[in-house]
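Visitor:
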């Protein structure tokens, strides 16, 4: 399609009416340099095969650029389902040429229809030049004639409508809506818009006739950012590139501004560190293109709620003093809106990071007293709604020292930094010395706030200040101070990754439950390892000297404490002493037990019992944040043990907890998703497993730039994530890639004797992948040493070695190494290992000709597998197991339905892996058509299918007709047969 050089050029029409600007009827030239985005071009290609494709996002997200590039590449020769080459170009085929229309502000019905008529004629082509396309808003009879003419076309008309949100009168588009409904999908629209689209988007979405591309899709990936920078002649280190993408949120306009600015920077990496929404170009663009269109009241709400990273309607009402925040926030987060919304109920919202920078800058210009009042409101709301960490931060920012102290003393177990992520921002103004002298606990509160922000040095300084003023406290208060200070010490040790000191601090905390009161002069003498001592004045400079480091095993009170090996294992409830009562006792057990569990998990251990006890104590004390930490880790540990039902229940309960809402507690949510991924994998649901695994990135390290945790890597989660990824790669016939992932994961666990169980699970999986590749000698070499040396736990390795020997055709060797799966020791094995051992015993019995014993063993395996829904152990097993399952159906089983289903799907992975790519449809089926196609396999009538999908019968009939046409079928059975040949079902 030729470019238009000027907006002044006009096109004379054959019908009466004002001239039309040709520039509005052709795509604009893209900004230079152009970055190819093949993944989005493919999305548009696929969407253009259906009725409506909507590209919706705020200003600056590259909607027009993308649509113009696609329209130009498609041109007159692009076809439906065309392939996009590596450079972004589209392979020739027979798709109709897209016709373009740029909508402008002020287009009324008459003016819009003049351009629509011209665009429709261009899309129809010269062969249909006499189509009855009116230049004015058509009458009903004209609409019906036009709809009939379009429906009768052999090829559809493809129309690209850019900036359609500029049409504010829905009546102006009523004719277009009529055509969409009555042209039998021969009119197809590709729409670019911001928000407030005057078309029935919800109806189209419900009927499966809408393809949507939103800001998340339009956001630049790391590779696309690198391509953009390279096109501008800019090179950045990988870490700086990822930070630039994270700070920009992938927003194309901001990235283009950044690329232009970086060309002039002598130190690009340093510039990226300072990149934000206060950059003049970006701030100007946000003001002119984004905020200018926002209602003043809504803009004021955005500015005041910029105080918080994320906001819900109730919090927004508390900050603004209003009562309609839900309506305003929902409107701002509408299709292509200014806010992102999560899936929780009630929903939480957040701004783009650069827009948040700008709004915070505006907030800072409000009077100090007004900002202080906002912080006080936020502190009260967070404290009352189970988010004490944010409440403490805002209380300190407001300078309300009494509230901050009270919040810390009452909610200290909930203030530990359990989640990774970005620092919480600059430190609040520190309290004056007289406030700390009066309440040393205030300095502990400041230490807790800084620990949550990841600033361990500042937290330690506040802890030293607290210790300096605590020596004269009265006995009951000094006892409490000791426990609170020890909890902060434990937190700082965990931040520093000092596991020895974490264990020592946990021991001091537990022993403090029944210990006698410390010497009044000892509280300020010595503090935790890492430097919490009474500040001393240097005689030479007159300034505070560096704190002395106490000997290992000493604490705040200066007394000898337990070492790492002396931590009370049971953490049982205390029955001695009146101090604190049952709730405080539960707090201490939950806090210390959780910290010890996290340390053990970081070392590669699987401390299920530890987290179970801490979970019970957290529930007893009523601490939801601590409960979430324990529940999410327990879910993963249950999944590793093979307790799939319990793991799924725990994981979903964790994700439903209020602390997980509003993009909070991302690490805890990631553990829950990792548990669900492992559950789905064992149940042979690879798509579901992959989706949950992607959400587990903050724990597994699979998320670029993600900080797994405070001060320490999430060792166990990373190992389980590697296991899941490797098995998914194996399922996609990529065992070599899976082997590399497992080898790297085992290397990370090297030198960690506590991680033997995880290491052996990875080793067994690695050997299986080698065996699947046919490299049986390598698999045997990997396992033989640990098995023969009886390195515990040996069961996973012995089972894997037996499978290797069986694959090598040596059942006798397999029988020798295969452990007894029915013995007393086997009851303690993880259930997946036990199921695999039982299946191998059954397979060996079958090879020996003992069909009766093989059937009995298989039935026992099924008895164990059925309650938790295990399927993968059967469907991905060797052919001998699949043969056993088929024979078991004939001999009789209490699990007939399960076995019949397993037999049906057991051969599919092998068949799919060996099959050549099948033929493709010239016109792909839409998502809704694929859904209905699956129902056509059943005996349901069209009426029953409509009832199942909550659609009208006529809609189902329309989809069925389209399915028949696209599959070149005339009957249901023929359509199903053809779909199976194409592997659509």
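Residue numbers (our numbering): 4 to 988. Every residue gets a Cβ at the ideal spot worked out from N, C-alpha and C, and that includes glycine. Remember, predicted model here, so these are calculated numbers, not experimental data.
1. Considering only residues of the same chain and omitting the five flanking positions on each side of residue 271, which have a CB-CB separation below 8 Å?
2. Taking residue 850 and residue 814 to be in contact with their CB atoms under 8 Å, please state how far apart those CB atoms are, rounded to whole angstroms.
3. How is residue 344 classed by DSSP in three states: helix, strand or coil?
4. Are the beta-carbon atoms of residue 749 and residue 762 separated by less than 8 Å?
5. At which residues does the beta strand (DSSP E) containing residue 196 begin and terminate?
6. Please look up how many angstroms separate the CB atoms of residue 362 and residue 309, rounded, as I've assumed it's under 8 Å.
7. Would you mind listing the alpha helix (DSSP H) stretches within the stretch 262 to 347 that are 4+ residues and don't spill past its ends, in chain order?
8. Just verifying my parser: in three-state terms, what is the DSSP assignment at residue 27?
9. Can you have a look at residue 825 and say buried or exposed, based on whether 16 or more other CB atoms are within 10 angstroms of its CB?
10. Return the chain-ordered list of same chain residues with a C-beta closer than 7 Å to the C-beta of residue 615, the five sequence neighbours on each side being excluded.
11. With DSSP as the reference, label residue 880 as helix, strand or coil.
12. Straight-line CA distance for residue 206 to residue 43?
13. What are the boundary residues of the alpha helix (DSSP H) that residue 162 is part of?
14. Do residue 1003 and residue 738 have their C-beta atoms closer together than 8 Å?
15. Apply the 10 Å Cβ neighbour rule to residue 355 and answer buried if 16 or more other Cβ atoms are within range, or exposed otherwise.
16. For residue 59, write down the residues that DSSP places opposite it in a beta bridge.
17. Under the DSSP definition of a beta bridge, which residues are partnered with residue 104?
18. Have a look at 408, 146, 323 and flag the residue whose alpha-carbon is nearest the alpha-carbon of residue 381.
19. Which ranges does the alpha helix (DSSP H) cover as unbroken runs of at least 4 residues, wholly within the stretch 786 to 854, from first to last along the chain?
20. Where do the N-terminal and C-terminal ends of the alpha helix (DSSP H) with residue 984 fall, by residue?
21. Where does residue 22 sit, in a helix, a strand or coil, going by DSSP?
22. Given a threshold of 16 other Cβ atoms within 10 Å of its Cβ, counted over all protein chains shown, does residue 241 qualify as buried or as exposed?
23. For a quick check, are the C-beta atoms of residue 342 and residue 289 less than 8 Å apart?
24. Please return the same chain residues whose Cβ sits closer than 7 Å to the Cβ of residue 213, not counting the five positions on each side in sequence.
25. Can you check whether the CB of residue 733 is closer than 8 Å to the CB of residue 741?
26. For residue 916, which residues from the same chain have a beta carbon less than 8 Å from its beta carbon, with the 5 sequence-adjacent residues on both sides left out?
27. Thinking residue 399 and residue 407 are a contact (beta carbons under 8 Å), I'd like their distance in whole angstroms, please.
28. Roughly how many angstroms separate the alpha carbons of residue 664 and residue 587, rounded to a whole number?
29. From what residue to what residue does the alpha helix (DSSP H) around residue 404 run?
30. Taking residue 352 as part of the beta strand (DSSP E), name the residues at either end of that continuous run.
31. Give the single residue among 743, 751, 694, 791 whose Cα lies nearest to the Cα of residue 721.
32. Indicate the three-state DSSP secondary structure (helix, strand or coil) for residue 213 in the structure shown.
33. So, at 6 Å on beta carbons, what are the nonlocal neighbours of residue 450 in its own chain, with the 5 sequence-adjacent residues on each side left out?
34. Any idea what DSSP makes of residue 421, helix, strand or coil?
35. In the DSSP assignment, find the unbroken alpha helix (DSSP H) run with residue 397 in it and report its ends.
36. Measure the C-alpha to C-alpha separation of residue 804 and residue 812 and round it to an integer number of angstroms.
Guide: Answer, in terms of the structure:
1. As a working note, residue 271 is residue 268 in the chain shown. Closer than 8 Å at the Cβ level, and outside the excluded window around residue 271, lie 237, 238, 239, 243, 265.
2. Along the chain shown, one-based indexing puts residue 850 at 847. Along the chain shown, one-based indexing puts residue 814 at 811. Confirmed, about 5 Å.
3. As a working mapping, residue 344 is identified with position 341 in the chain shown. DSSP places residue 344 in strand when its eight states are reduced to three.
4. The sequence position of residue 749 within the chain shown is 746, counting from 1. The sequence position of residue 762 within the chain shown is 759, counting from 1. A contact, by the Cβ cut-off of 8 Å.
5. Sequence index remark: in the chain shown, residue 196 carries index 193 (1-based). Its beta strand (DSSP E) spans residues 190 to 196.
6. Residue mapping note: residue 362 aligns to position 359 of the chain shown, counting from 1. Residue mapping note: residue 309 aligns to position 306 of the chain shown, counting from 1. Indeed they touch by this definition, with Cβ atoms about 4 Å apart.
7. 271 to 276, 283 to 288, 299 to 308, 316 to 323, 328 to 335
8. Within the chain shown, numbered from 1, the residue matching residue 27 stands at position 24. DSSP places residue 27 in helix when its eight states are reduced to three.
9. Counting from one through the chain shown, the residue named residue 825 turns up at place 822. Exposed, by the Cβ-count rule.
10. Your numbering for residue 615 matches position 612 in the chain shown. Here the set comprises 637.
11. Residue mapping note: residue 880 aligns to position 877 of the chain shown, counting from 1. Residue 880: coil per DSSP, three-state reduction.
12. Taking the chain shown and counting its residues from 1, one reaches residue 206 at position 203. Taking the chain shown and counting its residues from 1, one reaches residue 43 at position 40. Residue 206 and residue 43: Cα-Cα distance of roughly 24 Å.
13. Counting from one through the chain shown, the residue named residue 162 turns up at place 159. Counting along the chain, residue 162 falls outside any alpha helix (DSSP H), though it belongs to the beta strand (DSSP E) covering 160 to 165.
14. Residue 1003 lies beyond the range of the chain shown here (4 to 988); nothing can be said about it.
15. Stepping through the chain shown from its first residue, residue 355 is reached at position 352. Buried, because 16 or more other Cβ atoms sit within 10 Å of the Cβ of residue 355.
16. Here residue 59 refers to the residue found at position 56 of the chain shown. 196.
17. On the chain shown, position 101 is the one that residue 104 refers to. DSSP lists 164 as partners of residue 104.
18. Position 378 of the chain shown, counting from 1, holds the residue named residue 381. Looking at the Cα atoms, 323 is the closest of the given residues.
19. 798 to 810, 814 to 820, 834 to 850
20. For the purposes of this step, residue 984 is taken as residue 981 along the chain shown, with counting starting at 1. That run of the alpha helix (DSSP H) goes 975 to 984.
21. For the purposes of this step, residue 22 is taken as the residue at position 19 of the chain shown. Correct three-state label for residue 22: coil.
22. In the chain shown, counting from the first residue as 1, residue 241 sits at position 238. Residue 241 comes out exposed.
23. Here residue 342 is taken as the residue at index 339 of the chain shown, counted from 1. Here residue 289 is taken as the residue at index 286 of the chain shown, counted from 1. Not a contact, by the Cβ cut-off of 8 Å.
24. Within the chain shown, residue 213 is the residue found at index 210, counting from 1. Result list for residue 213: 55, 57, 204, 207, in chain order.
25. For the purposes of this step, residue 741 is taken as the residue at position 738 of the chain shown. For the purposes of this step, residue 733 is taken as the residue at position 730 of the chain shown. Against a cut-off of 8 Å, the Cβ pair of residue 733 and residue 741 comes out as a contact.
26. By one-based count along the chain shown, residue 916 stands at place 913. For residue 916, the predicted model reports a pLDDT of 41, less than 50, meaning its position is unreliable and no value from the coordinates is stated.
27. Residue 399 sits at position 396 when you count from the first residue of the chain shown. Residue 407 sits at position 404 when you count from the first residue of the chain shown. Confirmed, about 5 Å.
28. Translated into the one-based positions of the chain shown, residue 664 becomes position 661. Translated into the one-based positions of the chain shown, residue 587 becomes position 584. Near 27 Å, if we compare the C-alpha coordinates of residue 587 and residue 664.
29. The residue given as residue 404 occupies position 401 in the chain shown. From DSSP, the alpha helix (DSSP H) with residue 404 extends over 404 to 414.
30. Residue mapping note: residue 352 aligns to position 349 of the chain shown, counting from 1. First-last of the beta strand (DSSP E) with residue 352: 351 to 354.
31. Indexing the chain shown from 1 puts residue 721 at position 718. Selected option, being the one with the closest Cα: 751.
32. Taking the chain shown and counting its residues from 1, the one referred to as residue 213 is at position 210. The answer is strand: DSSP assigns residue 213 an E or B state.
33. Position 447 of the chain shown holds residue 450. Once the five neighbours on either side are set aside, the close Cβ partners of residue 450 are 462, 465, 466, 491.
34. Mapped onto the chain shown, residue 421 falls at position 418. Three-state DSSP puts residue 421 in coil, outside helix and strand.
35. The residue labelled residue 397 in the question sits at position 394 within the chain shown. 391 to 400 is the span of the alpha helix (DSSP H), which, as asked, contains residue 397.
36. Indexing the chain shown from 1 puts residue 804 at position 801. Indexing the chain shown from 1 puts residue 812 at position 809. Rounded to the nearest angstrom, the two C-alpha atoms are 13 Å apart.
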